Structure formats: structure tokens, C-alpha cells
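Q: Just passing along the structure, written as C-alpha cells.
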């Protein structure tokens, strides 16, 4: 099995605090990997390292043989990495359809984008995406007027529009109702296989519904990897979550 | 054919968006018919030029989120490019060797400096008036946006750069005319037409440039690149993670805005018949921000009208004895009021009024329909 994404000995520290401490992780192509762990374990930092938001002080990140740690954020995105943020990040003053148009980054150069996009194939694509994330009625509304759950969906839709090979999701169901969470799980199941996904989540029900392999992080290191049952039975995982009511309530 | 439906609705929307722009330009072109006063027409032309300058700021500030407090720098560079070439075309009065400009003779300059030489060509000067400011802006933008400078720091850097260039121009009197600027210019002649500052030809030249600037800026905002620039204004890092090189887009809109401001500067020299360091002064540069905010920075037509209306008012107030000293105070108060109560300026107010009227008409239509339904039910 050749790995698609490989983190080797990645370390980061913020003002002396080691957020990541020689982290190793590898993910296969088409896999849906869930990343869990107690607060402060370094899950979000791990995603930040992959997408280039934070540069590692040591270690390497390779994606399909490309060393990502030396690239700029936009170069990493062009290499096929998409990122959804924990705080929903959309373009509030642009309409839903404009948000999706921007996310369809087929061409990235300034001069290549000086042409008009009236009546091109992008419109159908955007309508299909809006249907996928249930925002057809809102296509012409500014994103600022969407509810929290709808904003989360819009950003997920934007990542599907971007069509990145590797999609990093940071707590995609935060603030969603149970029904919305279930719809999200269905969508992720559909993305699996075509895309490689890494999902940071706290909701264990959601993790069990979507994940093949779960990685548990603790204090900037990888603690355990395996199926939900294996991970829950793991003695060190139990110890890490001790006092916080067990893994299901993290 | 069903596949053509979205296409035509996109076209309809485009026409609806272009309508205010075309109406305003039609009024601008029709004005000389109503105003039979060359002096007044020259004054209006001046305000139209300031309108073009404000469109350029609206493009970088309203759409790109880049508040350039040194927008007058590009304007001034354009005006000097035009003044230099027109100066070299004057019939010499006090000249030295090979038609040296008068102020150089007074400053004991023996030969025309090398950077003046190419301005013997009008085409070079016009190109320089457009490309020069764009290049300066691109260079400045390269340092700022590559270094991820944002917000108020961009404003400080642009303002400071303008002040530096302003001081250099004032200081280098023997090459730039210093504090007096460049005066006693020849008339601009293009394609055999002479553009007298008080003539109709000049007015129509300015009006055509208003139309051109509005259309170029509009086309850019409707392109995908224009959309990406607006996305950068809303959430810079989000755009970066889609694979766009944010700095390049910012540099592009910054340079495009500077080129339009350069065009306005060249026209200003033609209309005013001189170039002066005040054209790239702090006062003008900050006035442009006020005009843009009052008109509505996210509307190109709004920014243009804001400049024409407020600059016109400014002109009228500063001429009357009662407001000679206090008109800047009036302008300041206007700015504060607009920022507090009309964040989208007059354009936002007009849009809200239009929406309100449409909704009221629709509601009235519903009432009538309901009324008909009720009477039918009762009979």
C-alpha cells in the first residue's frame, strides 16, 4: 500500500508550547480518516501544517511525492489540497452562487480570469452544487444572510466545487442539527473514494458513521490508530480521555 | 429552447446592471446642449475628471478592499506626463537652446534633461500617463501585498509614498517647475482636433473618458478576476486556500486603479491648463475618499456621482463668502454623517429606495388580486 499523504516527524511549537511533537501519520488514497483527540491535542494544527497555514519547525509533509512543507498556501492548494475551517469561512458580501464560482478554481491566473463568465458551463455546475448542499433557494442571497448550518454547508459545497484530491475538514458539523449532521455524513460517504478526506470531529456518533480508520492524537503525537472499536478499547486512549467522561463525550 | 433560458436571464441582468451607468453617461453627454456657457462647461468637465479619479478609488477600495489614501499620486503622475509633453509643444517665449521650458531657463539648466526627451512625443506621454502610474502602483503593491500588509498599514504606506513624491517634485524645481508646477502649456492636439480647455471638444473628450472608465471598471468587476478580488476583500485567506495567488490579484486591481487615475490626471491637465504639486497633495487625496464614501464605494456610478455632486458643492461653497473658511468643516461633517448612517453611500440609499418601491408595488398588486378574489367569492 503506497501512502498518499505522509507526515514524518512533524514538530511545531508556539512560544515554547509544543503543539506537535514528532507527529507521524499516513493516509491512503480515497480514504476517509477521522482525527480525534482531547482539546489541545494538536488536531487543528495538524491540518494547518498540511495546508500550509503553519510551517513545521521540523519534519516533512509529502503528498503524492510532492514536499508540501516548503510551498506557499496557494501552491499547496494547486497541488490538490482543500481546507474547510473550524469557523465557517465564506465570502459574506458575495451571493451563494458567487461563492461557489470563486471556489471553482479551474484557472488560477489573473489574466486567465479576465474573461466574463456569463452563460458558460460553470452556471450548471454551480446549480448542481447548490442542490447538493441544499442551497438552491438561496443562490442569489448574500452569504451573510445564511444560518450557521447553511454557512457550514456552503463552505462544504465550496470544497466540493474546488474538487481537491485531499480535503481537510475541521469540525464540519459544529452547530448543525441532528438532521443536518446526518445529511453531512451521507455527503461524506459519497465523497469517499473519489477524494481523500481527513475529518477532525468531536461528535463520536458522526465519527462512527463515516470513518474507516480513526486516528487518536494526544499532546501533539499519534496515540493510536484503528477502527472505532479498537480505538475505544485501547488502554492509552482510555487514559488520555480519563476524567473527561470517556471518548464519547470528548 | 430551454438551454437558452439561463443565458438570456443573465443577459437581462447584465442590461439591468448597466442601465444606471448608461443613463448617467447619456446625461453627461447631453449636458452641453442645456449649458450654453463655456466657463460653466469647463467647470463641469473638471468635476467629471474628479469623478473618473473617484471611480478608480472605488475600484480598489470598494471592490478590492484596498483603501489607497495616496490615490492622487497616480492622478498627479498622469497630470505631469501630460503637462510635460504640452510644455514642450509651446511656442517658446523665454527659451534657451532647443526649446527649453521657461522655468528651466530661469533655473540655469542648459540642456533638456534626459527624462524629458521622450515627452517630445505625445503618444509616449499618453502611454506614460497610463502605464507609469500603473507600474509605480504595481511595484508598491508588490512590496505590500507580497509582504501581506493589509488594512490601515496599506493606507499609511500609500499616503506616505505620495507625500514623498510630492516633496521630490517640489524640491526639484529646475526639472519639475517646483512649487509653481508646469504652466503656460500648449493645447492638446489629437487626430487633428485641438482641445481648448473651454471648448466643447474637451468636454466631449472628458465625457468619453468617463464612459470608457466606467465600462472598463464595470467589465473588470463582472469578470471572474473581479469576483475573486471581491472575495479577497471579504476573506483573504479563504481565497488563498482555493489556489489563487492573492497578492497578484491585489497588485492587478491596484495597478488598474492607478492607470484609470493616471488617465484622469492627464485630462485634468488639459482642463485646468497646468499641472501642480497640489494635484498629488494630501488634501485632494483625502477628498477623493470622502467623495467615494458619500457616493457609495461599492458602486462605480455611485462613486462617480458622489465626486461630481460633492466636488461641485465644494466648489460652490468655497466660492461663497459665507463658507470661504468653513467649507472643509462642512465636508468633514458630511463624511462623518455618511459613514455613520449610510455605509453604502448614496448608491445604497438609491438601491434601498428602488427595492422599497418594487416591494410596495408587488404588495399593491397582491392586494388587488385578493380583493378581486374576495368579490368573486361573495357573489
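Protein chains in written order, with our numbering: chain Y, 1 to 250; chain P, 1001 to 1379. From the three backbone atoms N, C-alpha and C, an ideal C-beta is built for every residue, glycine too. Values in this document were obtained by computation on a predicted structure and should not be read as measured data.
Specify, as a first and last residue, the run of the alpha helix (DSSP H) that residue 151 of chain Y falls within.
A: 148-162
Q: What in chain P is Cβ-close to residue 116 of chain Y, meaning under 7 angstroms?
A: 1222 and 1223
Q: Given that residue 1243 of chain P touches chain Y, what residues does it touch there, using C-beta distances under 7 angstroms?
A: 74, 77, 78, 105 and 108
Q: Between the Cα of residue 8 of chain Y and the Cα atoms of Y/37, Y/81 and Y/50, which residue gives the shortest distance?
A: Y/50
Q: Just tell me which of P/1047, P/1133, P/1099 and P/1036 has its CA closest to the CA of residue 1082 of chain P.
A: P/1133
Q: Tell me the rounded alpha-carbon separation between residue 1011 of chain P and residue 114 of chain Y.
A: 18 angstroms
Q: Is it buried or exposed for residue 1108 of chain P, if we count other Cβ within 10 angstroms and need 16 for buried?
A: Answer is exposed; the Cβ neighbour count stays below 16.
Q: Buried or exposed: where does residue 1015 of chain P fall if 16 or more other Cβ atoms within 10 Å of its Cβ makes it buried?
A: Classification for residue 1015 of chain P: exposed.
Q: Is there a Cβ from chain P that is less than 8 angstroms from the Cβ of residue 94 of chain Y?
A: yes
Q: Comparing the C-beta of residue 1143 of chain P with each C-beta of chain Y, is any distance below 8 angstroms?
A: no
Q: Assuming residue 1346 of chain P contacts residue 1049 of chain P under a Cβ cut-off of 8 angstroms, what Cβ separation, rounded to an integer in Å, is found between them?
A: Rounded to the nearest angstrom, the Cβ distance from residue 1346 of chain P to residue 1049 of chain P is 20 angstroms, too far for a contact under 8 angstroms.
Q: Within 8 angstroms of any Cβ in chain P, is that where the Cβ of residue 190 of chain Y sits?
A: For residue 190 of chain Y, the answer is no, since every Cβ of chain P falls outside 8 angstroms of its Cβ.
Q: Whose Cβ in chain Y lies nearer than 9 angstroms to the Cβ of residue 1215 of chain P?
A: Going along chain Y, no residue has its Cβ under 9 angstroms from residue 1215 of chain P, so there is no contact; the nearest lies around 13 angstroms.
Q: Please identify, using Cβ separations under 7 angstroms, the residues of the region 30-52 of chain Y that lie next to chain P, in order along the chain.
A: 51
Q: Output, in chain order, the set of chain P residues within a Cβ distance shorter than 7 angstroms of residue 131 of chain Y.
A: Chain P residues near residue 131 of chain Y: none, gap ~14 angstroms exceeds 7 angstroms.
Q: I'd like to know if residue 126 of chain Y contacts chain P, where contact means its C-beta is closer than 8 angstroms to some C-beta of that chain.
A: no
Q: Taking residue 1233 of chain P as the reference, which of P/1242, P/1224 and P/1250 has the closest Cα?
A: Closest in alpha carbon position to residue 1233 of chain P, among P/1242, P/1224 and P/1250, is P/1250.
Q: Take residue 1338 of chain P and list the residues in its own chain whose beta-carbon comes closer than 7 angstroms to its own, dropping the five residues that flank it on each side.
A: 1293, 1294 and 1345
Q: Report yes or no: is there a C-beta of chain Y within less than 8 angstroms of the C-beta of residue 1366 of chain P?
A: no
Q: Roughly how many whole angstroms lie between the Cα atoms of residue 1362 of chain P and residue 1356 of chain P?
A: Cα atoms of residue 1362 of chain P and residue 1356 of chain P: separation of roughly 10 angstroms, rounded to the nearest angstrom.
Q: Quick one: which chain Y residues come within Cβ less than 7 angstroms of residue 1248 of chain P?
A: The answer, in chain order, is 110.
Q: What residues from chain A crowd round residue 1252 of chain P, counting only those whose CB sits closer than 7 angstroms?
A: Reference to chain A is not applicable here, since the protein chains of this structure are Y and P.
Q: With 8 angstroms as the threshold, decide whether the Cβ of residue 1227 of chain P is near any Cβ in chain Y.
A: yes
Q: Going by beta carbon distance, what residues of the same chain come within less than 6 angstroms of residue 1211 of chain P, once the five residues before and after it are set aside?
A: 1025
Q: For residue 5 of chain Y and chain P, any beta-carbon pair shorter than 8 angstroms?
A: no
Q: Answer yes or no: does any C-beta atom of chain Y fall closer than 8 angstroms to that of residue 1235 of chain P?
A: yes
Q: Could you compute how far the alpha carbon of residue 1221 of chain P sits from the alpha carbon of residue 1063 of chain P?
A: 8 angstroms
Q: I need the straight-line Cα distance from residue 1135 of chain P to residue 1252 of chain P, nearest angstrom please.
A: 10 angstroms
Q: Please report whether the beta-carbon of residue 63 of chain Y lies at a distance below 8 angstroms from any beta-carbon of chain P.
A: Under the 8 angstroms criterion on CB atoms, residue 63 of chain Y is classed as non-interfacial with respect to chain P.
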